[in-house]
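Engineer: There's a structure below that I have some questions on.
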Amino acid sequence: MDFPEDLFYTKSHEWVKKEGNNKVRVGITSHAQSELGDVVYVELPDLDKVVKAGGACTVVESVKAAYDIYSPVSGKVIETNNDLENNPQLVNEDPYGKGWFFIIEMEDPQELTKLLSNKDYEELCQTK
Amino acid sequence: MPDKINYTPNTESDIKLMLKEIGVNSIEDLLVDIPEELLCKQINIPSGMSEMELKHSLKSLSDKNANLNKYTSYLGAGAYEHFIPSVVDHLSNRGEFYTCYTPYQPEVSQGTLQGIYEFQSMMCELLAMDVVNASMYDGASALAEAAVLAIRHKQKKNVLVSKAVHPEYREVLSTYLQELDVKLVEIEMEDGITSVSDLKSRIDNNTACVLIQTPNFFGCLEETEELIELTHKNEALFVACVNPMSLGIIKPPGEYGADVAVGDIQALGNYINYGGPHAGFFAVSKELMRKMPGRLAGATTDTKGRRAFTLTLQTREQHIRRGKATSNICTNQQLLALRTCIYLSTLGKAGMIDIGNLNIHKSHYAIDRICELDGIDPLFDKPFFNEFAIKISDNYKIEEINRRLFESGIIGGLDISHFYPDINNAMLLCVTETKTKEDIDELVSAVSNII
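If you want it as structure tokens, here you go:
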């Protein structure tokens, strides 16, 4: 399993990549996609939607079931990955790359300090 | 203990054995902790009957009902008598199919899934919509689910429904919505159809959807193009509640751009037993597919490359998503949907056009003949399918006319004032392909003898 070092993680299996001062890119981890199975649909949030850290904002449907994806930080959705509309399998094939979900403009960049490091997250996955 | 209950699985000696095992003397001993006044008293029911006696007794009870073998009926208003080819009964009564339940381990029931798949496919064609689900409980709840879908999808709080939508459907709608934080507003009618100017005055950016029925409760066809234009201009969903029987000859909802189409499939291959059971259908444009309640069957190939069927969409259901489900509907009316599937495949495309024409011709013959009588006029001047409203001179009460018709073996039309108190002395008549020219002439002559 892959846990890139330059990312932050959440207990609910999202990854967060800092891009510039107050922007983050968000997706789900390789561990999460492998647990979900083949992803068949991603319902992305609307642009400009205001999200709270820990609030549900996306739904991923896999062949097994439908799951909520939670926003790791508070802020505003400024970009979403439209490629997922026709190619939801990108979430499985490239979870840290082409399978990203959305970009958030953060309200408070300090929130990032509350997230998990790759080591913490790896430990979390192993204890489960 | 009653001395004999044949269908109770435990025999007297079974019961004794069980009581002995747990160390009590009688069933009553098991109930000692319950205060005596709470115990059920002896119920006064007669002693049992043999199967033969029971059949005889039930038959004599059911013979007291008027039925369509004995009476010629002109009642419609939501439940429609149509001819049902015997192949529909024959196939749907097969043991492999005979259940109203949607399978819960679906893939083992390939025949049932294929039935659902074919039903969906034929309904899609008939409605000209992208997606149809496996069926709903009835037309009224399908309409209410459409409103709930629109509220969620549009994130808006006003639901507009035409007063020309079946009054019982509107009641179900209002029951569905009563605990939600939404506003249900009715649109006025004008000469038997939804008033476009009233819609214009009530619709705004807070409108989630506009619900229209066509043919509507009075049988009249709505001005769908104008209504839909106004609806879409206000960023609301257009929900068309349609009689699928009419769609062989009347423009289907997909062709005028309805976002959701709902309705009842009783008319397509199902009997009008006491007005039930009914089943509904639910159709959406592709955009709304994942917001749709219920389930979808799809075609696929199995591991050996053979054509197979599977449930392809049910992830938003109550039993998987619980509180976040799009609806609490996670089943369908499988047996009735199957009957509709068989019915549609029996009629085929040409058959649906033929039957539509027959309904139109016969109902129009009927209105022309009956309105030749003095004191009877059409209530509205609008195009209609197989139902129409007539106004009868105030000298003759509808109730009295229907009583007299019944004596001569005819079940007359619906007294509209039951549902619309301000429409006085008017009758809603339904004439389908089941009525012959002679039947209709007989109705006219029976009415002429009364008024």
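Keeping their order, the protein sequence lines are chains A and B.
Last residue of the first sequence: 477 (the working numbering), numbering continuous.
Last residue of the second sequence: 1174 (the working numbering), numbering continuous.
From the three backbone atoms N, C-alpha and C, an ideal C-beta is built for every residue, glycine too.
Predicted, not measured: the structure shown is a model, and the values here were computed from it.
Sort out for me which residues DSSP pairs ALA1149(B) with in a bridge.
Structural biologist: LYS1114(B)
Engineer: According to DSSP, is ARG1030(B) helix, strand or coil?
Structural biologist: ARG1030(B): strand per DSSP, three-state reduction.
Engineer: Within 10 angstroms of its Cβ, does SER379(A) collect 16 or more other Cβ (buried), or is it exposed?
Structural biologist: buried
Engineer: Less than 8 Å between the beta carbons of ALA1112(B) and LEU1102(B), yes or no?
Structural biologist: yes
Engineer: Could you check which residue in ALA867(B), ASP786(B), THR734(B) has the C-alpha nearest to that of VAL983(B)?
Structural biologist: ALA867(B)
Engineer: GLU819(B) to GLN989(B), Cα distance in whole Å?
Structural biologist: 22 Å
Engineer: Excluding the 5 residues flanking THR1023(B) on each side, which residues of the same chain have their C-beta closer than 6 Å to its C-beta?
Structural biologist: Only ALA1031, THR1033 meet the Cβ criterion.
Engineer: Please return the same chain residues whose Cβ sits closer than 7 Å to the Cβ of GLU916(B), not counting the five positions on each side in sequence.
Structural biologist: This sequence places Ile at residue 916(B); Glu is not what is there. Same-chain partners within the cutoff: ALA887, ASN939, CYS943, GLU945, GLU946, LYS1105.
Engineer: Does the stretch 364-373 of chain A come close enough to the stretch 394-414 of chain A to have 3 or more Cβ pairs within less than 8 Å?
Structural biologist: no
Engineer: CB-CB under 6 Å to TYR892(B), same chain, minus the five flanking residues each way: which ones, in chain order?
Structural biologist: ALA863, LEU866
Engineer: Under DSSP, the alpha helix (DSSP H) around VAL811(B) begins and ends at which residues?
Structural biologist: 809-815
Engineer: The beta strand (DSSP E) spanning TYR390(A) covers which residue range?
Structural biologist: 388-392
Engineer: Taking all protein chains shown into account, do 16 or more other C-beta atoms lie within 10 angstroms of the C-beta of MET724(B), making it buried, or fewer, making it exposed?
Structural biologist: Legend: pLDDT at MET724(B) = 46, less than 50; position of this residue unreliable, no value from coordinates given.
Engineer: For ARG1062(B), which residues of its own chain have a beta-carbon under 7 Å away from its beta-carbon, when the five flanking residues on both sides are left out?
Structural biologist: VAL811, SER815, GLY992, ASN993
Engineer: Bridge partners of CYS1064(B), per DSSP?
Structural biologist: Beta-bridge pairing links CYS1064(B) to no other residue.
Engineer: Nearest by alpha-carbon distance to ASP861(B): which of LYS1158(B), GLU830(B), VAL985(B) is it?
Structural biologist: Comparing Cα-Cα distances from ASP861(B) to each of LYS1158(B), GLU830(B), VAL985(B), the minimum goes to VAL985(B).
Engineer: Reducing DSSP to helix, strand and coil, say where CYS943(B) ends up.
Structural biologist: strand
Engineer: For a test of the three-state rule: what should DSSP assign to THR896(B), helix, strand or coil?
Structural biologist: A small fix is needed here, since residue 896(B) is Leu in this sequence, not Thr. Looking at LEU896(B) - three-state DSSP - the assignment turns out to be helix.
Engineer: Determine, using beta carbons only, whether PHE1004(B) and MET845(B) come nearer to each other than 8 Å.
Structural biologist: For PHE1004(B) and MET845(B), no; Cβs fall outside 8 Å.
Engineer: Tell me which residues share the same chain as GLU949(B) and place their Cβ nearer than 6 Å to its Cβ, disregarding the 5 neighbours each side in the sequence.
Structural biologist: VAL919
Engineer: Using only alpha-carbon positions, find the residue among LEU836(B), GLU958(B), ILE768(B), GLY801(B) that is nearest to LEU1058(B).
Structural biologist: LEU836(B)
Engineer: So what does DSSP say about ALA990(B), is it helix, strand or coil?
Structural biologist: coil
Engineer: Hey, THR429(A) and PRO394(A) are a contact pair by Cβ (cut 8 Å); roughly how many whole angstroms apart?
Structural biologist: 7 Å
Engineer: What number of angstroms, rounded off, separates the C-alpha of CYS406(A) from the C-alpha of ALA1006(B)?
Structural biologist: 27 Å
Engineer: Report yes or no: do the stretch 1129-1140 of chain B and the stretch 796-807 of chain B share at least 3 C-beta pairs separated by less than 8 Å?
Structural biologist: yes
Engineer: Would ASN1082(B) pass as a contact of THR1155(B) if the rule is Cβ separation under 8 Å?
Structural biologist: yes
Engineer: Could you have a look at ASP1138(B) and say whether DSSP puts it in helix, strand or coil?
Structural biologist: strand
Engineer: Is the distance from the Cβ of SER897(B) to the Cβ of LEU883(B) below 8 Å?
Structural biologist: no
Engineer: So who's on the other strand from GLU410(A), going by DSSP bridges?
Structural biologist: TYR390(A), ALA415(A)
Engineer: Give me, in chain order, the residues of the same chain whose beta-carbon lies closer than 7 Å to that of ILE1065(B); leave out the 5 immediate sequence neighbours on both sides.
Structural biologist: Closer than 7 Å at Cβ, skipping near neighbours: VAL810, VAL811, LEU814, SER815, GLY992.
Engineer: Please name the residue in ASP1164(B), TYR803(B), GLY771(B) whose C-alpha comes closest to that of CYS1094(B).
Structural biologist: ASP1164(B)
Engineer: Sorted by chain position, which residues of the same chain lie with C-beta nearer than 8 Å to LEU433(A)'s C-beta, five sequence neighbours on each side aside?
Structural biologist: VAL391, LEU393, LEU439, VAL440, GLY448, PHE450
Engineer: Would you kindly work out how many angstroms separate the C-alpha atoms of LEU903(B) and ALA415(A), rounded to a whole number?
Structural biologist: Whole-angstrom Cα-Cα distance: 24 Å.
Engineer: Look at the Cβ atom of LEU1096(B), then the Cβ atom of VAL1170(B), and state whether they are nearer than 8 Å.
Structural biologist: Remark: C-beta atoms of LEU1096(B) and VAL1170(B) approach each other more closely than 8 Å.
Engineer: According to DSSP, is SER796(B) helix, strand or coil?
Structural biologist: strand
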